[in-house]
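Chemist:
Protein chains: 2
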Amino acid sequence: MATPVILVLDADPPPRLGRLTGRVRVRHADARTLAAQLPQADVLLVWDFTSDAVRDAWPGGGPRPGWVHTASAGVDRLLCPELAASSTVVTNARGVFELPIAEYVAGLVLAFAKDLPGTLALQREHRWRHRETRRLAGSRAVVVGAGPVGREIMRLLHGLGVRVALVGRTARRSIHGVEDLDRLAAGADWVISAAPLTEATRGMFDARFFGLLQPSAYFVNVGRGQLTVEDDLAEALRRRWIAGAALDVFQHEPLDPSSPLWDVPGLLVSPHMSGDTAGWRDRLGEQFVSMYERWATGESLPNVVDIQRGYVPSRDIPL
Amino acid sequence: MATPVILVLDADPPPRLGRLTGRVRVRHADARTLAAQLPQADVLLVWDFTSDAVRDAWPGGGPRPGWVHTASAGVDRLLCPELAASSTVVTNARGVFELPIAEYVAGLVLAFAKDLPGTLALQREHRWRHRETRRLAGSRAVVVGAGPVGREIMRLLHGLGVRVALVGRTARRSIHGVEDLDRLAAGADWVISAAPLTEATRGMFDARFFGLLQPSAYFVNVGRGQLTVEDDLAEALRRRWIAGAALDVFQHEPLDPSSPLWDVPGLLVSPHMSGDTAGWRDRLGEQFVSMYERWATGESLPNVVDIQRGYVPSRDIPL
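Which chain is which? The protein sequence lines are W and S, in order. Note that the first sequence covers residues 6 to 324 in our numbering. Note that the second sequence covers residues 6 to 324 in our numbering.
Below is the structure:
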């Protein structure tokens, strides 16, 4: 076998691939050059996981890499019919983001329960105003998305005494099917979205859904921006259908400075950072290198995405 | 036995003592009338636990109630030498505040780890600025105060993967003695104060102590304001000796609008509310009523304060 070519769809800073020195040829592409370089690549590392370049370049002619790895949990940005129809294996970064995202969600939920945004606002005005806060233990959460991220969120919230229902595409063991979502959401204090973006989930959090929730409920989305109909959420908050919300992901990122979302009352806006704890890029690079070691020796790869479904099936992940 | 007299040092709203109707005579006092009424009371319920009235009134002449219950965890405001020398039993509200305070501390720690104050500040400016945050799991906390509050904080943080050292007055089993505090604090990411206010703990968090901490460390005080030398903490934050702090308790409460503490960079100020989840006053009233039932039938009381030490000894509380 010739020295394998790893093509990196680059982002800044680049991945640390020093451990592969002498064993591979690393080439770099950007959105403009990707199409021309794809036919020479054995492996494509989608390091810039915010780019649509793969979806754009893949349908062109010529050989295609047998393995595509994306340094992200979601694969929605790179899937296209031609890739889905191919024999290429697609893997994701499962294992890197779950715990940080779950901690972030726990932090948001506690911040809402204890009205930390209110405390910070009062502090700016030098106002001492005692309020009663919420007890988190015993409250109810619905986590939408039964993949590794959703499961880690469930684990952390459960450790804080929250009664958590996990909702996936289909009911299985201790996971509710999506047909239970409306009923569960109507009784929930916290609705957490950690679902993959697929045609089935796009826009699922809309006016109808927010209308089901309790006025005391909070909504948090750390999945993908397209899961939420942003105008509907803004309207639900303005009309006080729900108590508050936090979005870490948006239809268009970065969120434009002129977006009305920044100023919606009760909405906490963060810049798609829930999974990114210090050292996250190094962990992503190390994960790719160790997956490459398996690939090079013909071992089976972990984290293989079901391209039809658009996510890594988690039926084999123990709860 | 004549119908027992319960004297209530009142606060607004008053305690719900309806369940005792017909069995007791309830009288009400404020700071001005307490001294005159103490001799007729069998039981004193310190419902206004922010008052110094008991300490002021107790030394006067005449009979004294055999039981004083305070609707608070700390007893520092009511203890005086004459009460300490008496045979009066003092009890506190152990069991009501632990979990809410621990949740509040977990919320603060996660808010700091995920830079939630920074996110809210950037949102006000419509600025999308991705940052790397901290992973909470695997970080180190020192909890100062090995009573029920400190233990509950340890339990919740431990559930979030934090390595927690608990520091009490004296070493015992899995609790460190105060002689270990400097060493533990020097390696901690989070220093949490949940200690009682005694002559041994007053002012223990001072410039010398803050100087020991890592520049990345955060300090949180949910114990009593007098544990912290506030000017020293403000200076440590201004000089960036530590990364941030949160105070829920202060030397003087409510904090004056002109206090410089409101504007210290990196300091989160909250109005002594960490333990006060919705329904807390009702829980305090119910606790007193059920303790009264025991007292009236001659059973031993729970939550008895060691008046010499100034807190409920926790040697018998399982870790």
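All C-beta atoms, glycine included, are put in the ideal place defined by N, C-alpha and C. All values reported here derive from a predicted model rather than from experimental measurement.
From which residue to which residue does the beta strand (DSSP E) around T75 of chain S run?
Modeler: The residue given as residue 75 of chain S occupies position 70 in the second sequence. Run containing T75 of chain S: W72 to T75, per the beta strand (DSSP E) assignment.
Chemist: Report yes if the C-beta distance between Y316 of chain W and G79 of chain W is below 9 Å; otherwise report no.
Modeler: Mapped onto the first sequence, residue 316 of chain W falls at position 311. Mapped onto the first sequence, residue 79 of chain W falls at position 74. Yes, the pair counts as a contact, with Cβ atoms nearer than the cut-off.
Chemist: Use the C-beta contact count for G155 of chain S: other C-beta atoms within 10 angstroms, 16 or more gives buried, fewer gives exposed.
Modeler: For this step, residue 155 of chain S is matched to residue 150 along the second sequence. That one is buried.
Chemist: Could you name the residues of the same chain whose beta carbon sits closer than 8 Å to that of L202 of chain S, not counting the 5 residues immediately before and after it, in chain order?
Modeler: Numbered from 1 along the second sequence, position 197 holds the residue referred to as residue 202 of chain S. If we look at L202 of chain S and ignore the five residues flanking it on each side, its Cβ neighbours are G79, D81, G228, R229, Q231, L232 and G315.
Chemist: Is there a C-beta anywhere in chain W that falls below 9 Å from the one on P276 of chain S?
Modeler: Along the second sequence, read from residue 1 onward, the residue named residue 276 of chain S stands at position 271. By this cut-off, P276 of chain S is an interface position.
Chemist: What's the call for H74 of chain S, buried or exposed, on a 16-neighbour Cβ count within 10 Å?
Modeler: Locating residue 74 of chain S in the second sequence gives position 69, where the first residue counts as 1. It is buried - the Cβ of H74 of chain S has at least 16 other Cβ atoms within 10 Å.
Chemist: For D281 of chain W, which residues in chain S fall below 9 Å Cβ to Cβ?
Modeler: Along the first sequence, one-based indexing puts residue 281 of chain W at 276. Result: H135, R136, E137 and T138.
Chemist: DSSP three-state label for W300 of chain S, please.
Modeler: Here residue 300 of chain S is taken as the residue at index 295 of the second sequence, counted from 1. Reduced to three states, the DSSP call for W300 of chain S is helix.
Chemist: Give a yes or no on whether the C-beta atoms belonging to S221 of chain S and A251 of chain S are separated by under 9 Å.
Modeler: By one-based count along the second sequence, residue 221 of chain S stands at place 216. By one-based count along the second sequence, residue 251 of chain S stands at place 246. No, the pair does not count as a contact, with Cβ atoms beyond the cut-off.
Chemist: Under 8 Å Cβ-Cβ, which residues of chain S neighbour Y223 of chain W?
Modeler: By one-based count along the first sequence, residue 223 of chain W stands at place 218. Chain S residues near Y223 of chain W: none, gap ~14 Å exceeds 8 Å.
Chemist: Please identify the residue among S:H181, S:W63 and S:L171 whose C-alpha is closest to the C-alpha of L43 of chain S.
Modeler: Here the question's residue 43 of chain S lines up with position 38 in the second sequence. Among S:H181, S:W63 and S:L171, the Cα nearest to that of L43 of chain S belongs to S:W63.
Chemist: Distance cutoff 9 Å, beta carbons only. Does E235 of chain S sit that close to anything in chain W?
Modeler: Taking the first residue of the second sequence as 1, we reach residue 235 of chain S at position 230. So, not an interface residue.
Chemist: Identify the residues that DSSP records as bridge partners of G249 of chain S: which are they?
Modeler: As a working note, residue 249 of chain S is residue 244 in the second sequence. Paired residue(s): S:Y223.
Chemist: Alpha carbons only, please: which of W:W52, W:W267, W:H277 and W:V254 is nearest the one belonging to L242 of chain W?
Modeler: On the first sequence, position 237 is the one that residue 242 of chain W refers to. Nearest of W:W52, W:W267, W:H277 and W:V254 to L242 of chain W, Cα basis: W:W267.
Chemist: How many whole angstroms separate the CB atoms of A193 of chain S and R140 of chain S, which I take to be in contact at a CB cut-off of 8 Å?
Modeler: For the purposes of this step, residue 193 of chain S is identified with residue 188 of the second sequence, where counting begins at 1. For the purposes of this step, residue 140 of chain S is identified with residue 135 of the second sequence, where counting begins at 1. Wrong, their Cβ atoms sit about 16 Å apart, outside the cutoff.
Chemist: Tell me which residues share the same chain as S198 of chain S and place their Cβ nearer than 6 Å to its Cβ, disregarding the 5 neighbours each side in the sequence.
Modeler: Locating residue 198 of chain S in the second sequence gives position 193, where the first residue counts as 1. For S198 of chain S, where only same-chain residues beyond five positions count, the Cβ hits under 6 Å are V149, N226, G228 and L232.
Chemist: If L161 of chain S and L165 of chain W are in contact, beta carbons under 8 Å, what's the gap, nearest whole angstrom?
Modeler: Here the question's residue 161 of chain S lines up with position 156 in the second sequence. Here the question's residue 165 of chain W lines up with position 160 in the first sequence. With 8 Å as the limit, L161 of chain S and L165 of chain W qualify as a contact, their Cβ atoms being about 7 Å apart.
Chemist: If the cut is a Cβ gap below 9 Å, which residues of chain W does T124 of chain S touch?
Modeler: Looking up residue 124 of chain S in the second sequence gives position 119. Going along chain W in sequence order, the residues near T124 of chain S (Cβ under 9 Å) are L273, V274, S275, P276 and M278.
Chemist: Against chain S, does E291 of chain W count as a neighbour if the rule is that its beta carbon must be under 9 Å from one of theirs?
Modeler: In the first sequence, counting from the first residue as 1, residue 291 of chain W sits at position 286. By this cut-off, E291 of chain W is not an interface position.
Chemist: Grouping DSSP H, G and I as helix and E and B as strand, with all else coil, what is A191 of chain W?
Modeler: For the purposes of this step, residue 191 of chain W is identified with residue 186 of the first sequence, where counting begins at 1. A191 of chain W falls in the helix class under three-state DSSP.
Chemist: State the Cα-Cα distance for the pair D4 of chain S and Q128 of chain W, rounded to the nearest angstrom.
Modeler: What is shown of chain S runs 6 to 324, which leaves residue 4 of chain S out entirely.
Chemist: Closer than 6 Å by C-beta to L113 of chain W: which residues in its own chain qualify, once you throw out the five before and the five after it? Chain order, please.
Modeler: Here the question's residue 113 of chain W lines up with position 108 in the first sequence. So the qualifying residues of the chain are V225 and A251.
Chemist: Are any of the Cβ atoms in chain S nearer than 9 Å to that of Q128 of chain W?
Modeler: Indexing the first sequence from 1 puts residue 128 of chain W at position 123. Yes, its Cβ sits closer than 9 Å to a Cβ of chain S.
Chemist: Can you pull out the residues from the region 145 to 159 of chain W whose beta carbon lies closer than 7 Å to at least one beta carbon of chain S?
Modeler: Flagged: no residues at all.
Chemist: On the criterion of 16 or more Cβ atoms from any shown chain inside 10 Å, does T138 of chain W qualify as buried, or is it exposed?
Modeler: Stepping through the first sequence from its first residue, residue 138 of chain W is reached at position 133. Label assigned to T138 of chain W: buried.
Chemist: Could you spell out where the alpha helix (DSSP H) holding V10 of chain S opens and where it closes?
Modeler: Here residue 10 of chain S refers to the residue found at position 5 of the second sequence. Segment V10 to L14 is the beta strand (DSSP E) holding V10 of chain S; no alpha helix (DSSP H) there.
Chemist: List, in chain order, every chain S residue whose beta-carbon is nearer than 9 Å to that of L25 of chain W.
Modeler: Position 20 of the first sequence holds residue 25 of chain W. Ordered by position in chain S, no residue passes the 9 Å Cβ test against L25 of chain W, which lies about 25 Å from the chain.
Chemist: Measuring CB to CB, does D61 of chain S end up less than 9 Å from A40 of chain S?
Modeler: In the second sequence, the residue the question calls residue 61 of chain S occupies position 56. In the second sequence, the residue the question calls residue 40 of chain S occupies position 35. Contact: yes.
Chemist: I need the straight-line Cα distance from P259 of chain W to D187 of chain S, nearest angstrom please.
Modeler: The count along the first sequence starts at 1 and reaches residue 259 of chain W at position 254. The count along the second sequence starts at 1 and reaches residue 187 of chain S at position 182. One C-alpha to the other measures close to 44 Å.
Chemist: Return the chain-ordered ranges of every alpha helix (DSSP H) run that is complete within the region 124 to 189 of chain S and spans a minimum of 4 residues.
Modeler: Listed in chain order, they are 153 to 164.
Chemist: Do P105 of chain W and A279 of chain W come within 9 Å of each other at the CB atom, strictly closer than that value?
Modeler: Locating residue 279 of chain W in the first sequence gives position 274, counting from the first residue. Locating residue 105 of chain W in the first sequence gives position 100, counting from the first residue. Strictly speaking, residue 279 of chain W in this sequence is Ser, with Ala absent from that position. Yes.
Chemist: On the premise that L25 of chain S lies in contact with Y297 of chain S, defined as a C-beta separation below 8 Å, what is that separation, rounded to the nearest angstrom?
Modeler: The sequence position of residue 297 of chain S within the second sequence is 292, counting from 1. The sequence position of residue 25 of chain S within the second sequence is 20, counting from 1. At roughly 6 Å, the Cβ-Cβ gap stays under 8 Å, so Y297 of chain S and L25 of chain S are in contact.
Chemist: Got a sec? Which residues, its chain only, sit under 7 Å from D53 of chain W by beta carbon, not counting five neighbours each side?
Modeler: In the first sequence, the residue the question calls residue 53 of chain W occupies position 48. Excluding sequence neighbours, D53 of chain W sits near L14, D15 and A16.
Chemist: Is the CB of R229 of chain S under 9 Å away from at least one CB in chain W?
Modeler: Within the second sequence, residue 229 of chain S is the residue found at index 224, counting from 1. Output row for R229 of chain S: interface = no.
Chemist: Using alpha carbons as the reference points, say which of W:D211, W:W133 and W:G152 lies closest to S263 of chain S.
Modeler: Here residue 263 of chain S refers to the residue found at position 258 of the second sequence. Per the Cα distances, W:W133.
Chemist: My assumption, with CB atoms under 8 Å, is that G182 of chain W sits in contact with A176 of chain W. Please give the rounded CB distance.
Modeler: Looking up residue 182 of chain W in the first sequence gives position 177. Looking up residue 176 of chain W in the first sequence gives position 171. Right, their Cβ atoms sit about 3 Å apart.
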